[in-house]
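In this note's numbering, the protein residues as written are 22 to 225.
Glycine is no exception: its CB is placed at the ideal position from the N, C-alpha and C atoms.
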Amino acid sequence: MLQRNYSRVKPIVTPRFSLSCTETLMSKLGNIAQTHDLHIQVSPERLSSGLLNVLEVLKYKVKIGLGTDVAGGYSYSMLDAIRRAVMVSNILLINKVNEKSLTLKEVFRLATLGGSQALGLDSEIGNFEVGKEFDALLINPKASDSPIDLFYGDFVGDISDAVIQKFLYLGDDRNIEEVYDPELSQENRMQKQQRVLGLLEKNS
């Protein structure tokens, strides 16, 4: 990774095996967990180890984002992580653990800006604020063999909430036209920019 010069790849410390993790290390990791965390729900569901109460965690100003876990789960899709976070929050509401559940917009924020904050990268990526790098997906809800059904009313306004919700709840990799990564070379970035502009003109 260092040879490839991926500037955002950082070393981390995490307990992988209880017998090799000292009491001091666990204590220091606990301190980190009090301020930074990732919500990875699929693994606890499969292992029957619990449901994370994100709303309760956020009360303590913990920087939390969404994550995936192929080793302990069965999906690396952030869309799946978004859906499961909403579902778990609704379950906690149904069981009267919370008085409200996370909205889709709140969970989407955890998947984007929340993740960059948890990783200490929110000054560079996470949203479209001026000065940040363009780290984004180009989504085509009308893609060939798309799992999303669209209707005329979905396109009222500049960016319809209905279309965004349908992608987050129903979409998959077939709807992702481009992945725009700031780590790409300048040449690749220019090619993708032209591709984006072409698609925007085609659909305008």
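- Contact fails between the stretch 96–115 and the stretch 145–158, because fewer than three Cβ pairs, one in each stretch, are under 8 Å apart.
- DSSP, read as helix, strand or coil, puts residue 80 in coil.
- For residue 187, the closest C-alpha among the options 148, 129 and 114 is that of 129.
- With a minimum length of 4 residues, the unbroken runs of alpha helix (DSSP H) contained wholly in the stretch 90–117 fall at 99–115.
- Taking a C-beta distance under 8 Å as the contact criterion, residue 51 and residue 87 do not qualify as a contact pair.
- Taking the Cα positions, residue 72 is about 44 Å away from residue 215.
- Under the DSSP definition of a beta bridge, residue 157 partners with 201.
- Rounded to the nearest whole angstrom, the C-alpha separation of residue 96 and residue 219 is 32 Å.
- The continuous alpha helix (DSSP H) containing residue 185 extends over residues 182–191.
- At a Cβ-Cβ threshold of 8 Å, residue 143 and residue 134 count as neighbours.
- The residue among 164, 74, 167 and 139 with its C-alpha nearest the C-alpha of residue 108 is 74.
- Across the structure, residue 174 and residue 113 are spaced so that their CA atoms are roughly 32 Å apart.
- Secondary structure of residue 146 (DSSP, three-state): coil.
- Boundaries of the alpha helix (DSSP H) around residue 129: 125–130.
- Between residue 122 and residue 111, the C-beta gap is smaller than 8 Å, which places the two residues in contact.
- Shortest Cα-Cα distance from residue 125 to any of 100, 203, 141 and 147 involves 100.
- Assigned with DSSP and collapsed to three states, residue 53 falls in helix.
- Taking residue 151 as the centre and dropping the five residues before and after it, the same chain places no C-beta closer than 6 Å to its C-beta.
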